[in-house]
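A short worksheet on the structure shown next.
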Ligand SMILES: Nc1nc2c(ncn2[C@@H]2O[C@H](COP(=O)(O)OP(=O)(O)OP(=O)(O)O)[C@@H](O)[C@H]2O)c(=O)[nH]1
Ligand SMILES: [Mg+2]
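Protein chains in written order, with this note's numbering: chain W, 4 to 250; chain Z, 3 to 86.
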């Protein structure tokens, strides 16, 4: 499971977001497949894969279950979190509900702590317009540090711009620079110290700062996952991680 | 100042979160729902048994069980019909 993403044809784009934000609708619109959609949360419980072609490139798309967080431990969250952390996606689309933006920001910031190549897709723009909600898209993109693409997946609005933006991110022509969440100085000092010790993990495609944050939050479940991720071998990174948490 | 558990908030009333007393995964879940100090929460609907209760939190409707919601302390700020 954790190695799924590494075995898919590249580039791989992950679709993540809160429940019921239109991820499967977007997945279907992009791939022409018929992943189940509906208007109650929690339908997508495993990841569906499909692909689309854009600008001569075939892009593998992975539709992840909706979650409010990457840090609690429900089965949906585990699938999504493991894919984002260990699936090595080439880009991640966070699908956001434009009618309920504030509520979605928590997950965007959590995902931006794991992966840097993030694009926010501001979906349900038709519904937001209908309710008179106006969103300053360039300002949002500036605040987040990542591209923001407005869309209405059910009507096919915004798909071309999303594919073009992803293309540029994948090709390295756009470099999203997620705004980091900064914690209080005491915590930041501990994170910096631990992350420096874990720097070797970045060679494996893991984000040392994020692993450090997980460990400090007391999430030891990440240790065996890192071991599996590093090919089941006792790697330098694995030993490093364990030495830091085993008293 | 009188503080209430979220489940004491009458339907139609809004409260402002002052503290979240839960620990561990429940605390994490409540924080992830946006229940941090300063957040305004409105009690929208009670189920027949009075548990769970549906709350409006940052634009979303969320059902919380008493054992979770009662760990969230709020200061009541408006009477029925107040802000959304
Ligand atoms: N108005 C409007 N409705 C949309 C749009 N995109 C999706 N929907 C609707 O929103 C509901 C949820 O869509 P899904 O695609 O199932 O959402 P999801 O994010 O995959 O949900 P989970 O898998 O449960 O997390 C469906 O009723 C869709 O038809 C959109 O752009 N505009
Ligand atoms: Mg879905």
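A virtual CB, placed ideally from N, CA and C, is assigned to each residue, including glycine.
Keep in mind that this is a model prediction, so the values were computed, not measured.
CB contact below 8 Å: residue i versus chain W
{"i": "residue 35/Z", "result": "yes"}
{"i": "residue 39/Z", "result": "no"}
{"i": "residue 62/Z", "result": "yes"}
{"i": "residue 23/Z", "result": "no"}
{"i": "residue 30/Z", "result": "yes"}
{"i": "residue 101/Z", "result": "The shown model of chain Z, from 3 to 86, leaves out residue 101/Z, and the question about it has no answer."}
Below-8 Å beta-carbon distance, residue i vs any chain Z residue
{"i": "residue 74/W", "result": "yes"}
{"i": "residue 43/W", "result": "In this predicted model, residue 43/W has a pLDDT of only 45, less than 50, meaning its place in the structure is not dependable; the value taken from the coordinates is given anyway. For residue 43/W, the answer is no, since every Cβ of chain Z falls outside 8 Å of its Cβ."}
{"i": "residue 50/W", "result": "no"}
{"i": "residue 109/W", "result": "yes"}
{"i": "residue 174/W", "result": "no"}
{"i": "residue 79/W", "result": "no"}
{"i": "residue 103/W", "result": "yes"}
{"i": "residue 106/W", "result": "yes"}
{"i": "residue 71/W", "result": "yes"}
{"i": "residue 46/W", "result": "Legend: pLDDT at residue 46/W = 49, less than 50; position of this residue unreliable, value from coordinates given subsequently. False, the Cβ-Cβ gap to chain Z never drops below 8 Å."}
Residue i and residue j closer than 8 Å at C-beta
{"i": "residue 72/Z", "j": "residue 15/Z", "result": "no"}
{"i": "residue 168/W", "j": "residue 110/W", "result": "no"}
{"i": "residue 64/W", "j": "residue 82/W", "result": "no"}
{"i": "residue 18/Z", "j": "residue 36/Z", "result": "no"}
{"i": "residue 45/Z", "j": "residue 12/Z", "result": "yes"}
{"i": "residue 69/Z", "j": "residue 32/Z", "result": "no"}
{"i": "residue 140/W", "j": "residue 153/W", "result": "yes"}
{"i": "residue 183/W", "j": "residue 150/W", "result": "no"}
{"i": "residue 43/Z", "j": "residue 8/Z", "result": "yes"}
{"i": "residue 67/Z", "j": "residue 54/Z", "result": "yes"}
{"i": "residue 21/W", "j": "residue 107/W", "result": "yes"}
{"i": "residue 73/W", "j": "residue 113/W", "result": "yes"}
{"i": "residue 211/W", "j": "residue 201/W", "result": "yes"}
{"i": "residue 27/Z", "j": "residue 76/W", "result": "yes"}
{"i": "residue 53/W", "j": "residue 24/W", "result": "no"}
{"i": "residue 56/Z", "j": "residue 65/Z", "result": "yes"}
{"i": "residue 165/W", "j": "residue 124/W", "result": "yes"}
{"i": "residue 209/W", "j": "residue 177/W", "result": "no"}
{"i": "residue 86/W", "j": "residue 198/W", "result": "no"}
{"i": "residue 98/W", "j": "residue 29/W", "result": "yes"}
{"i": "residue 55/W", "j": "residue 170/W", "result": "no"}
{"i": "residue 30/Z", "j": "residue 22/Z", "result": "no"}
{"i": "residue 47/Z", "j": "residue 105/W", "result": "no"}
Where residue i sits in the DSSP three-state scheme
{"i": "residue 17/Z", "result": "strand"}
{"i": "residue 70/W", "result": "coil"}
{"i": "residue 42/Z", "result": "strand"}
{"i": "residue 182/W", "result": "coil"}
{"i": "residue 27/W", "result": "helix"}
{"i": "residue 80/Z", "result": "strand"}
{"i": "residue 193/W", "result": "helix"}
{"i": "residue 29/Z", "result": "helix"}
{"i": "residue 19/W", "result": "strand"}
{"i": "residue 67/Z", "result": "coil"}
{"i": "residue 75/Z", "result": "strand"}
{"i": "residue 230/W", "result": "helix"}
{"i": "residue 13/W", "result": "coil"}
{"i": "residue 24/Z", "result": "coil"}
{"i": "residue 43/W", "result": "The pLDDT assigned to residue 43/W is 45, lower than 50, so where the model puts this residue is not dependable; a value taken from the coordinates is nonetheless given after this. Residue 43/W falls in the coil class under three-state DSSP."}
{"i": "residue 56/Z", "result": "strand"}
{"i": "residue 51/Z", "result": "coil"}
{"i": "residue 51/W", "result": "strand"}
{"i": "residue 307/W", "result": "With chain W running from 4 to 250 in the structure shown, residue 307/W is simply not present."}
Cβ of residue i within 8 Å of any chain B Cβ
{"i": "residue 47/Z", "result": "The chain inventory of the structure shown lacks chain B, comprising the protein chains W and Z."}
Please go through the stretch 112-180 of chain W and give each complete alpha helix (DSSP H) segment of 4 or more residues, from N-terminal end onward.
128-133, 140-147 and 162-173
Beta strand (DSSP E) runs wholly inside the stretch 58-104 of chain W, at least 3 long, in chain order = 60-66 and 94-100
So, do the stretch 154-168 of chain W and the stretch 219-231 of chain W have three or more beta carbon pairs nearer to each other than 8 Å?
no
**Study point:** the stretch 186-196 of chain W / the stretch 117-135 of chain W touching (three or more Cβ pairs under 8 Å)
**Key:** no
Report task. Count the C-beta pairs between the stretch 85-94 of chain W and the stretch 107-121 of chain W that are closer than 8 Å, then say yes if the count reaches three, no if not. Result -> yes
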